[in-house]
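2 protein chains.
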Amino acid sequence: MHPDLTDVNESTVAGLGRLARFFGFNDVMGRLYGTLLMSPDPLSLDDLANGLKISKGSVSMNMRTLEQWGMAKEHWVRGERKKYYMAESDMWQVIRNVLGSRERREVVLALQVLGDSVERLKTAEHELTAEDRALAAYYLERISDLQAFFQVAEMALNTVLGSDNSLDFDAVTKIEIT
Amino acid sequence: MHPDLTDVNESTVAGLGRLARFFGFNDVMGRLYGTLLMSPDPLSLDDLANGLKISKGSVSMNMRTLEQWGMAKEHWVRGERKKYYMAESDMWQVIRNVLGSRERREVVLALQVLGDSVERLKTAEHELTAEDRALAAYYLERISDLQAFFQVAEMALNTVLGSDNSLDFDAVTKIEIT
DNA sequence: TCAAACTTTCAGAACGTTTTGAATGTAGAG
DNA sequence: CTCTACATTCAAAACGTTCTGAAAGTTTGA
Chain E
761 MHPDLTDVNE STVAGLGRLA RFFGFNDVMG RLYGTLLMSP DPLSLDDLAN GLKISKGSVS
821 MNMRTLEQWG MAKEHWVRGE RKKYYMAESD MWQVIRNVLG SRERREVVLA LQVLGDSVER
881 LKTAEHELTA EDRALAAYYL ERISDLQAFF QVAEMALNTV LGSDNSLDFD AVTKIEIT
Chain W
761 MHPDLTDVNE STVAGLGRLA RFFGFNDVMG RLYGTLLMSP DPLSLDDLAN GLKISKGSVS
821 MNMRTLEQWG MAKEHWVRGE RKKYYMAESD MWQVIRNVLG SRERREVVLA LQVLGDSVER
881 LKTAEHELTA EDRALAAYYL ERISDLQAFF QVAEMALNTV LGSDNSLDFD AVTKIEIT
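Have a look at this one:
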């Protein structure tokens, strides 16, 4: 194989490893995904372990995680016992999977916790000393800033997730912060 | 202080710690920021170390990082030797700082690497075997998917960064992917 | 059902990151 | 200028995460 092709392959794989860490995954996952993405043919566990010089054990566990995230698919070959993998090459599908589960969970949880806090502050108000009441008011201000932030995040997520095949921003008309 | 106020404070601080990890910072940074955000008065290094039960050394280093990210500001008190800190409470300012440096750098770097790869593939084409030429074509397809993704990310970043005080999505009119 | 070929699991090792606390540096009061 | 109260640094320790490889489990073809 021409050295330039090898280099391009390697730098793409490395870049996806970097990207994976940036997104809060580990870089082996990113490199596995990259290797599959840059391979015209499905690859077996052994192919991946040999190609990236990591143990089969690690490949097995990380590939399972990749599958859970919808970033790789299995691919059976008739008359072969091996399990072959292919990358999910529709990037937008991958993005939507990740945003739709992990990120969304975080945002929903945060909004829940903040909402609970507001509840508690309002319910407790009548039994507070004057000094505590001032502090409670201060807390409410700060919490409302945080709520505003997460609400925008939620809207943005909903917009991206609402688009069905290619991502477009038409649906986002106006999100304003008071 | 009323127990509900303490609880609200603690869960907010913990939540910001969680958020920080989610965003690729460490959770001490998040908790420090949270503690400052939920304090009506500026806090000293000792206040923070005692409040969060972590060493002064750690507070010192993490606060410096927070300052570098524009998430906290120093605040001198006349006739005091202590250094006091306040949270930057404008969340949108914080978001813009982070997006504008770290995330932007990643996106720009990725686009650069991908662009270089396209260059190399095109330049090398004439000296490739037929088989390699097919592979190069395949690489170009995949790389162009990645480029599309990062280009959308770049546009989205520019939009958010372009808005000056409150974040609004008016400016995003239409981003389409081919 | 068996044996071979492959995958998964998991305890321990390796590795990287974060924290601590003592040593060092620094700025302001007198 | 010196002394003191503070902040900062950094080597070593603690901690958490990821990897390895051998053992156990599973699937498939015969």
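Sequence order for the protein chains is E and W.
Residues 761 to 938 in my numbering are what the first sequence spells out, letter by letter.
Residues 761 to 938 in my numbering are what the second sequence spells out, letter by letter.
Every residue, glycine too, gets a C-beta built ideally from N, C-alpha and C.
This one's a predicted model, so the numbers in the text were calculated from it and none came from an experiment.
Residue contact check for S804/E against chain W: no CB pair falls below 8 angstroms. Taking C-beta atoms as the reference points, M789/E and T766/E fail to come closer than 8 angstroms. By the CB criterion at 8 angstroms, G775/W and V873/E fall inside the cutoff. Remark: C-beta atoms of T772/E and S904/W do not approach each other more closely than 8 angstroms.
Secondary structure of W836/E (DSSP, three-state): strand.
With respect to the 8 angstroms criterion, G817/W and N857/W are not classified as neighbours on the basis of their beta carbons. Within its own chain, the residues whose Cβ lies closer than 7 angstroms to the Cβ of I814/W, once the five positions on either side in sequence are excluded, are V788, listed in chain order. Per DSSP, the unbroken beta strand (DSSP E) holding M846/E starts and ends at K843 to A847. For G775/E, the neighbours in chain W by C-beta distance under 7 angstroms run, in chain order, A870 and V873. Chain order gives no chain W residues near V788/E, where near means a beta carbon separation below 7 angstroms; the closest approach is about 17 angstroms.
Shown in chain order are the members of the stretch 879-890 of chain W whose Cβ falls below 9 angstroms from a Cβ of chain E: R880, L881, T883, A884, E887, L888 and T889. Ranked by how close their Cα comes to the Cα of F782/E, the residues A908/W, A870/W, M915/W and D892/W have A870/W in first place. Taking 8 angstroms as the cut-off, the Cβ atoms of V868/W and A913/W do not count as close. The criterion of a C-beta distance shorter than 8 angstroms is not satisfied by R865/E and L917/E.
Within chain W, the residues whose beta carbon sits less than 9 angstroms from that of A896/E are H762, D764, L765 and V768, listed in sequence order. Excluding its 5 nearest sequence neighbours in each direction, M798/W has C-beta neighbours in its own chain below 8 angstroms: N769, T772 and V773, listed in chain order. Per DSSP, the beta bridge partners of L803/E are Y845/E.
With a beta-carbon spacing of about 51 angstroms, L796/W and D764/E fall beyond the 8 angstroms limit used to define contacts. Within the stretch 857-868 of chain E, contact with chain W at the beta-carbon level (separation under 8 angstroms) is assigned to E866.
Contact annotation: Y898/E and P800/W have beta-carbon atoms nearer than 8 angstroms.
Residues of chain W with a Cβ closer than 9 angstroms to the Cβ of T772/E are, in chain order, V873, L874, S877, Y899, R902, I903 and L906.
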